[in-house]
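Colleague: For reference, the structure I am asking about is given below.
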Amino acid sequence: GAVVSQHPSRVICKSGTSVKIECRSLDFQATTMFWYRQFPKKSLMLMATSNEGSKATYEQGVEKDKFLINHASLTLSTLTVTSAHPEDSSFYICSVWTANTEAFFGQGTRLTVV
Amino acid sequence: AQSVTQPDIHITVSEGASLELRCNYSYGATPYLFWYVQSPGQGLQLLLKYFSGDTLVQGIKGFEAEFKRSQSSFNLRKPSVHWSDAAEYFCAVGLNRDDKIIFGKGTRLHILP
Chain A
63 GAVVSQHPSR VICKSGTSVK IECRSLDFQA TTMFWYRQFP KKSLMLMATS NEGSKATYEQ
123 GVEKDKFLIN HASLTLSTLT VTSAHPEDSS FYICSVWTAN TEAFFGQGTR LTVV
Chain B
-11 AQSVTQPDIH ITVSEGASLE LRCNYSYGAT PYLFWYVQSP GQGLQLLLKY FSGDTLVQGI
49 KGFEAEFKRS QSSFNLRKPS VHWSDAAEYF CAVGLNRDDK IIFGKGTRLH ILP
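Protein sequence lines correspond, in order, to chains A and B. To get this note's numbering, take the position in the first sequence, counting from 1, and add 62. Note that this note's numbering gives residue 12 to position 24 of the second sequence, counting from 1, and the numbers run on in steps of one.
Dropping the structure here:
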């Protein structure tokens, strides 16, 4: 069964609005979650590390104020794309490590900004 | 700098033929190694992993991979591919448990009928 649940799988929003993406670990607690972005036909690029109860750690070049990350519980991390623009359209995926030393990924969220 | 290299962007094999996808990494120590598969518009599915022990690991869907420390490689193999194996394959490494995963650029696998 699924280890990581990501919601929504697809979202279309208007330019200037904000979109929230949820990443849940199922049946286990995750103090750390990771958010990735994938451009069409490209590999995955780490955006940030989400830390439960503390601030996220962002990779160089990722705008903290545009991509807000909240990890308020041990099973949920959210990524909010604020004031979205068409160039933010992408595939966003979260990841967690399990106790079995496996890194699992969510099913991804296809964001389209129109 | 730490990196993961998948030298083949595209690979085409005939259905029923064997497959090997290459992956090399550049790290100071043996990292956690993964192979993932991604179908169009889908998330990533973990095929197999290695972090210690037997250097030949078995995964799902008939895939296996061999870790070779001397070559810093972790190549993925399958003895007989099926049309449903057509997808994008990513090799990935994590330096430590609970650490970020670094991905190779991926290899697109095409299957000829």
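Glycine included, each C-beta is placed from N, C-alpha and C at the ideal position. If you're wondering where the values come from, they're calculated on a predicted model, not measured in any experiment.
According to the neighbour-count rule (16 or more other Cβ atoms, all chains shown, within 10 Å of its Cβ), is W122/B buried or exposed?
Modeller: The requested residue 122/B does not occur in the structure, where chain B is confined to residues -11 to 101.
Colleague: Since T174/A contacts S151/A with CB under 8 angstroms, what's their CB separation in whole angstroms?
Modeller: The count along the first sequence starts at 1 and reaches residue 174/A at position 112. The count along the first sequence starts at 1 and reaches residue 151/A at position 89. With a Cβ gap of about 5 angstroms, T174/A and S151/A count as contacting.
Colleague: Note down, in chain order, every chain A residue with its Cβ under 7 angstroms from the Cβ of K66/B.
Modeller: In the second sequence, counting from the first residue as 1, residue 66/B sits at position 78. Near K66/B there are no residues of chain A at all, since even the closest Cβ is about 20 angstroms away, more than 7 angstroms.
Colleague: Three or more beta-carbon pairs under 8 angstroms between the segment 134 to 142 of chain A and the segment 0 to 19 of chain B, yes or no?
Modeller: Not touching, per the Cβ criterion.
Colleague: Quick check: the segment 64 to 82 of chain A against the segment 156 to 165 of chain A, are at least 3 beta-carbon pairs closer than 8 angstroms?
Modeller: yes
Colleague: Apart from the five residues just before and just after F22/B, which ones in its own chain have a Cβ nearer than 6 angstroms to its Cβ?
Modeller: In the second sequence, residue 22/B corresponds to position 34, counting from 1. Excluding sequence neighbours, F22/B sits near K37, A80.
Colleague: Quick check: the Cα distance between V69/B and G50/B, rounded to an integer number of angstroms?
Modeller: Along the second sequence, read from residue 1 onward, the residue named residue 69/B stands at position 81. Along the second sequence, read from residue 1 onward, the residue named residue 50/B stands at position 62. Cα-Cα distance, rounded: 9 angstroms.
Colleague: DSSP puts R86/A in a beta bridge; with which residues?
Modeller: Indexing the first sequence from 1 puts residue 86/A at position 24. Paired residue(s): S67/A, L138/A.
Colleague: By a C-beta neighbour count over all protein chains shown, 10 Å radius and 16 as the cutoff for buried, is H133/A buried or exposed?
Modeller: Here the question's residue 133/A lines up with position 71 in the first sequence. Burial call: buried.
Colleague: Please list, in chain order, the chain A residues whose beta carbon lies closer than 8 angstroms to that of K93/B.
Modeller: Here residue 93/B refers to the residue found at position 105 of the second sequence. Chain A residues near K93/B: K104, S105.
Colleague: Give a yes or no on whether the minimum CB-CB distance between I131/A and chain B is below 8 angstroms.
Modeller: Within the first sequence, the letter at position 69 stands for residue 131/A. So no, I131/A is outside the interface.
Colleague: Examine chain A for any beta-carbon lying closer than 8 angstroms to the beta-carbon of Y20/B, and answer yes or no.
Modeller: If you number the second sequence from 1, residue 20/B lands on position 32. Yes - at least one Cβ of chain A is within 8 angstroms of the one on Y20/B.
Colleague: With a threshold of 8 angstroms between beta-carbons, can L88/A be considered close to chain B, or not?
Modeller: Within the first sequence, residue 88/A is the residue found at index 26, counting from 1. So, not an interface residue.
Colleague: Between K88/B, T43/B, P101/B, H98/B, which has its C-alpha nearest A110/A's C-alpha?
Modeller: As a working note, residue 110/A is residue 48 in the first sequence. Cα-wise, what sits closest to A110/A is K88/B.
Colleague: For I74/A and K56/B, what's the separation of their Cα atoms in angstroms?
Modeller: As a first step, residue 74/A is located in the first sequence; it is residue number 12 there, counting from the start. As a first step, residue 56/B is located in the second sequence; it is residue number 68 there, counting from the start. If I take the Cα positions, the gap works out to 45 angstroms.
Colleague: Quick one, are the C-beta atoms of S6/B and A75/B less than 8 angstroms apart?
Modeller: Position 18 of the second sequence holds residue 6/B. Position 87 of the second sequence holds residue 75/B. Not a contact, by the Cβ cut-off of 8 angstroms.
Colleague: Give the secondary structure of Q30/B by DSSP, where H, G and I count as helix, E and B as strand, and everything else as coil.
Modeller: As a position in the second sequence, residue 30/B is number 42, starting the count at 1. In this structure, Q30/B counts as coil in the three-state DSSP scheme.
Colleague: Kindly provide the ranges of any beta strand (DSSP E) runs that are 3 or more residues long and lie completely inside the segment 52 to 82 of chain B, ordered along the chain.
Modeller: Whole beta strand (DSSP E) segments, 3+ residues: 52 to 56, 61 to 66, 75 to 82.
Colleague: Kindly identify the DSSP beta-bridge partner or partners of Q100/A.
Modeller: Here residue 100/A refers to the residue found at position 38 of the first sequence. For Q100/A, which the question treats as bridged, DSSP gives the partners L106/A, F153/A.
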